[in-house]
Every structure is written in C-alpha cells, then in structure tokens.
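In the UniProt record's numbering, the protein residues as written are 1 to 144. The block underneath contains the structure these notes are about, expressed in structure tokens.
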C-alpha cells in the first residue's frame, strides 16, 4: 500500500510540473531552419551572384533571424504572415559590447538584405528551398 501511495504521489508531482510549464512554440512551419544562401539576383540589373560556395547562412527560429558566415554576425527580429517576411531591429552579435544596433547596412547586403526594415515577398517556400524577393534583391536559399 505504501508503494502505491508513493507511486501515485510521484506521478502527481510529475504531472503538476509538466502542467506548469509554458512551452513556447513557433508557427513558422517550413520557414524555421538553417538556410544556405545559394544565389542573390539584383532586380534592377538582372545580374546574379553565386553564393553556393560561400558559407553564408540565415538561421530562422521563433521570431529571430541570425545571419552567419560572412564578415559579420547579425540578429534581426522578424514577422511572418501572409507570404511576407519582414526583418527589423538588426543588432550585431557582440555580447562584450552589449549587442550594439547595426548602423551600417552595407554588411547585410552580402546576405541579400538592403535595409534595416525590409519586407520580403515569399515567392517559394518548401521544406528544402526558399525564394525571397525584396526591394533590391531576390534571394535563393537551400535548407541545410
């Protein structure tokens, strides 16, 4: 009888702990993931830049976009709704300096982003590929 009571009390404790957790989840679907920048097309000229051999990535999870692999590491917040991806509030990934706000936008052009508050139209999104069209660039990404 004592073992049954101990088992029931333990099970009840575990259920209480699990019920008290507020797990955050993402509704981003196929957007979440680690995306390799494959090609960037300049819309005004029609020229393309092959980035497939470079290590430039967009890491997307929750409400954060992390640009890695180039000359700088940047975090953006983003919103995703109605086939639109809007990036805003970029900060440099530099904990020692308090993650300062990005002021020079030229560095993120290597990733296909032309401004600090750019809105992209999602032209294609699947489990493996994504194509984004922004103000100046079309970005082709492949999920890793």
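C-beta atoms are modelled at their ideal positions from N, C-alpha and C, and glycine is treated no differently.
- Here residue 137 has 40, 41, 42, 43, 112 and 114 as same chain residues with Cβ atoms under 7 Å from its own Cβ, once five neighbours each way along the sequence are excluded.
- The DSSP assignment places 33-42, 48-50, 57-61, 64-68, 74-81, 84-92, 119-125, 129-133 and 137-143 as complete runs of the beta strand (DSSP E) inside the UniProt domain "Lipocalin-like" (17-143), in order along the chain (cut-off: 3 residues).
- Residue 53 has its alpha-carbon roughly 12 Å from the corresponding atom of residue 70.
- Shortest Cα-Cα distance from residue 129 to any of 27, 87, 26 and 33 involves 33.
- Here the C-alpha atom of residue 45 lies approximately 18 Å from the C-alpha atom of residue 106.
- Residue environment: residue 55 is assigned as exposed (fewer than 16 neighbouring CB atoms within 10 Å of its CB, all protein chains considered).
- Distance from the CA of residue 38 to the CA of residue 109, rounded to the nearest whole angstrom, comes to 14 Å.
- The closest CA to that of residue 140, considering only 26, 58, 63 and 80, is found on 58.
- Setting aside the 5 residues that flank it on each side, residue 76 is surrounded in the same chain by 65, 87, 88, 89 and 90, each with a C-beta closer than 7 Å to its C-beta; the list follows chain order.
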